[in-house]
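A.B. asks: In terms of my numbering, the sequence shown opens at residue 1091 and continues consecutively.
Ideal placement from N, C-alpha and C gives every residue a C-beta, glycine not left out.
Below are the structure tokens for one structure; questions will follow.
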Amino acid sequence: MGFFLQERHVGWADCGTDSRGRPIGYAFPAWCDEEGCTAKIDRGLSYACGGMHGGDEISCENYFCEKHRLNFVVDGSGARQICGACAKLALIREEGCDPGWIEDADGTIIPFDPARRRKKETS
Ligand SMILES: [Zn+2]
Ligand SMILES: [Zn+2]
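Next comes the structure, spelled out in structure tokens:
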């Protein structure tokens, strides 16, 4: 039994890489993904935006320290902690703005969906 638990742990320690090729899993020390934040974290689930590796409808795939993951959202899977950028997007969605495109801080119209934005950035 103990052996199994340990095996499971090893699985979560190394979860492969994210879309930018960064190693993910709690075995990998990292810095908070908030720009300018130097808090030391790891890329484990406890620091993942939305509490899961990889982005989804409400969270991005980045990893944040406690301070930068203070926004709680409640969805089908319960309460999840997300980063400031994702919280802003969630708020826009709540308020019923055009879900397709939003205006960023510089007034540029960008895709609303964080996943689509990432693709645009990398292509
Ligand atoms: Zn996020
Ligand atoms: Zn931080």
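DSSP three-state label for residue 1095, please.
C.D. replies: What you label residue 1095 is simply residue 5 of the sequence shown in a count that begins at 1. Note that residue 1095 has pLDDT 45, beneath the 50 cutoff, so the model's placement of it is unreliable and the number below is only indicative. Here residue 1095 sits in helix by DSSP.
A.B. asks: Going residue by residue through the region 1107 to 1134, where are the continuous beta strand (DSSP E) segments of at least 3 residues, counting only ones entirely within it?
C.D. replies: 1115 to 1121, 1130 to 1133
A.B. asks: Residues bridged to residue 1140 by DSSP?
C.D. replies: As a working note, residue 1140 is residue 50 in the sequence shown. Paired residues: none, contrary to the question.
A.B. asks: I need the DSSP call for residue 1182, collapsed to helix, strand or coil.
C.D. replies: Position 92 of the sequence shown, counted from the first residue, corresponds to residue 1182. Residue state, collapsed to three classes: helix.
A.B. asks: To the nearest angstrom, how far is the alpha carbon of residue 1091 from that of residue 1128?
C.D. replies: As a working note, residue 1091 is residue 1 in the sequence shown. As a working note, residue 1128 is residue 38 in the sequence shown. Only weak support is given to the placement of residue 1091: the predicted model assigns it a pLDDT of 41, under 50, and the value that follows is read from those uncertain coordinates. So the two alpha carbons sit approximately 39 Å from each other.
A.B. asks: Between which two residues does the beta strand (DSSP E) harbouring residue 1168 extend?
C.D. replies: Against the sequence shown, residue 1168 aligns to sequence position 78. Its beta strand (DSSP E) spans residues 1168 to 1172.
A.B. asks: Excluding the five sequence neighbours on either side, which residues of its own chain have a C-beta within less than 6 Å of the C-beta of residue 1143, listed in chain order?
C.D. replies: Mapped onto the sequence shown, residue 1143 falls at position 53. If you ignore the 5 residues before and after residue 1143, its C-beta comes within less than 6 Å of the C-beta of 1105, 1114, all in its own chain and listed in chain order.
A.B. asks: Under 7 Å between the Cβ atoms of residue 1163 and residue 1148?
C.D. replies: Taking the sequence shown and counting its residues from 1, one reaches residue 1163 at position 73. Taking the sequence shown and counting its residues from 1, one reaches residue 1148 at position 58. In this structure, residue 1163 sits near residue 1148, with a CB-CB distance shorter than 7 Å.
A.B. asks: Return the bridge partner residues of residue 1162 from the DSSP annotation.
C.D. replies: Residue 1162 sits at position 72 when you count from the first residue of the sequence shown. Paired residue(s): 1171.
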